[in-house]
Amino acid sequence: MAEFLLILRRRAALREKQESRRRRKRERIFRPRITIIDMPDEMAVVRYRLDKQTILDLCQELRGDLEPITNRSKAIPVHVKLLAVLNFYATGSYQHSVGDGVGMSQPTFSRCLNQVTAALKKRVGHYIYFPKDKHSLEKIKQDFCSVSSFPDVLGAVDCIHVALKPPAAVEHLFRNKKLFHSMNMQVVCDATCTITNVVANYPGATHDSYIFNNCCLKTQLQNKDFGEGWLLGM
Numbered sequence: 001m002a003e004f005l006l007i008l009r010r011r012a013a014l015r016e017k018q019e020s021r022r023r024r025k026r027e028r029i030f031r032p033r034i035t036i037i038d039m040p041d042e043m044a045v046v047r048y049r050l051d052k053q054t055i056l057d058l059c060q061e062l063r064g065d066l067e068p069i070t071n072r073s074k075a076i077p078v079h080v081k082l083l084a085v086l087n088f089y090a091t092g093s094y095q096h097s098v099g100d101g102v103g104m105s106q107p108t109f110s111r112c113l114n115q116v117t118a119a120l121k122k123r124v125g126h127y128i129y130f131p132k133d134k135h136s137l138e139k140i141k142q143d144f145c146s147v148s149s150f151p152d153v154l155g156a157v158d159c160i161h162v163a164l165k166p167p168a169a170v171e172h173l174f175r176n177k178k179l180f181h182s183m184n185m186q187v188v189c190d191a192t193c194t195i196t197n198v199v200a201n202y203p204g205a206t207h208d209s210y211i212f213n214n215c216c217l218k219t220q221l222q223n224k225d226f227g228e229g230w231l232l233g234m
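Numbering follows full-length UniProt numbering, with no gaps: position 215 of the sequence shown is 215.
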């Protein structure tokens with residue numbers, strides 16, 4: 001009987017100890033935050049696909065959407081959110097790996113990823129658009145003509161495959177001709193490589209010609225919404 005009571009006491013003590021550990025607030029450990037101030041431009045381009053000045057400009061542009069709403073001293077700064085997400089875009093790494101590199105948990109990084117992506121998406125139409133005014137269209141033609149002596153070119157068009165992990169149910173739709181999974185994205189740019197149109201709706205198995213034949217830009221060109229001119233296929 002005494003042994004039985006001793007076992008019960010030990011079990012109760014163990015349960016109390018475990019419960020105490022669960023209740024105990026874990027001390028938060030904050031790693032040093034990343035910065036690009038002392039980073040060479042070449043390294044910034046490799047790591048983030050953008051030079052330092054462009055990143056700083058982007059921080060300023062997105063500040064209103066990314067600024068922490070809390071007054072806590074350990075809130076994640078705008079530049080840390082942006083750099084972490086740009087690195088994820090550039091490398092296609094796993095969320096937990098990118099988060100570990102900047103001192104974020106995977107759930108925290110996931111929230112930052114959604115926040116930055118939404119902020120960028122809000123501004124797409126402000127920066128990516130096909131010119132419609134006569135002066136801009138004529139300048140594009142002149143720029144192409146000076147580069148290649150090719151007249152009346154309104155843009156260069158090509159498709160690019162962006163790798164991703166496909167949804168399991170429709171995996172075959174994302175497997176491209178090079179046998180990796182991707183989105184097939186059509187991009188148009190002017191002679192200065194400024195992007196003027198993007199179609200990013202199609203999985204990797206979709207042929208380039210299908211994307212072009214079903215895009216609004218083709219219809220606009222056929223209707224001569226931009227006057228005389230054509231796209232140059234790459």
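Beta carbons are placed, not taken as given, at the ideal position from N, Cα and C, and that holds for glycine. The structure displayed is predicted, hence computed values, not measured ones.
Check	Outcome
Pick from 147, 154, 64 and 93: whose alpha carbon is nearest that of residue 141?	154
Along the alpha helix (DSSP H) that carries residue 107, what are the first and last residues, could you check?	106-122
What does residue 182 pair with, by DSSP beta-bridge criteria?	163
Give the DSSP-derived three-state secondary structure of residue 80 in the structure shown.	helix
In the structure shown, what three-state DSSP assignment does residue 216 receive?	helix
Within its chain, find whatever has a CB closer than 7 angstroms to the CB of residue 144; leave out the 5 residues flanking it on each side and keep chain order.	150, 153 and 191
Do residue 182 and residue 163 count as a contact pair if the criterion is CB distance below 9 angstroms?	yes
Report yes or no: do three or more beta-carbon pairs, one from the region 99-116 and one from the region 76-91, lie closer than 8 angstroms?	yes
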